[in-house]
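Residue numbers (our numbering): 118 to 265.
Ideal Cβ positions, reconstructed from N, Cα and C, are used throughout, including at glycine.
Since the structure comes first, as structure tokens, the remarks are kept for the end.
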């Protein structure tokens, strides 16, 4: 009986943990539908690489930074500049509540990411993209993805 309860509990925890993950090709389709392919000169592969290096495709990821700010969602959008976390001073340039960036409906996240990418520095605003994606061949990120 105890073993069955433990297995059930572990199964629930695994399901909750995986609830925030999105499949690479599903994300590519959403990004394509929201017209991010070639947005400001960045390909879907750039966006997929960014999502992977920032969150490992985890929509619900939150990370605390050493300066007390937080990064939210699949693109790890920072609360100091881009969204309001109601915990610290924020410029809230995207005019969005940080919690909205954790929603499976990626529209708020995509709109904010577009604002970031269209500003000074473009995708170079994301340190992980600069280090792992910029100036590299990225077409393999789209392998097997059919946008229909």
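Between the beta-carbon of residue i and the beta-carbon of residue j, is there less than 8 Å?
i	j	result
residue 205	residue 220	no
residue 244	residue 159	no
residue 145	residue 218	no
residue 163	residue 248	no
residue 250	residue 141	no
residue 193	residue 180	yes
residue 156	residue 231	yes
Could you please give me the residues that DSSP links to residue i through a beta bridge?
i	result
residue 138	175
residue 191	Residue 191 pairs with nothing; no bridge assigned.
residue 156	159
Given residue i, which residues of its chain have a CB within under 8 Å of its CB, disregarding the five upstream and five downstream residues?
i	result
residue 213	199, 200, 201, 225, 228, 229
residue 246	163, 166, 167, 170, 171, 240
From the DSSP output, in three-state form, read off residue i for me.
i	result
residue 227	helix
residue 260	coil
residue 125	Note that residue 125 has pLDDT 38, beneath the 50 cutoff, so the model's placement of it is unreliable and the number below is only indicative. In the structure shown, residue 125 sits in a helix (DSSP, three-state: H, G or I).
residue 210	coil
residue 202	coil
residue 180	strand
residue 252	coil
residue 197	coil
residue 245	helix
residue 235	helix
Excluding the 5 residues flanking residue i on each side, which residues of the same chain have their C-beta closer than 6 Å to its C-beta?
i	result
residue 177	137, 219
residue 196	186, 187, 202, 207, 215
residue 151	227
residue 260	none
residue 258	162, 165, 166
So, at 7 Å on beta carbons, what are the nonlocal neighbours of residue i in its own chain, with the 5 sequence-adjacent residues on each side left out?
i	result
residue 256	162
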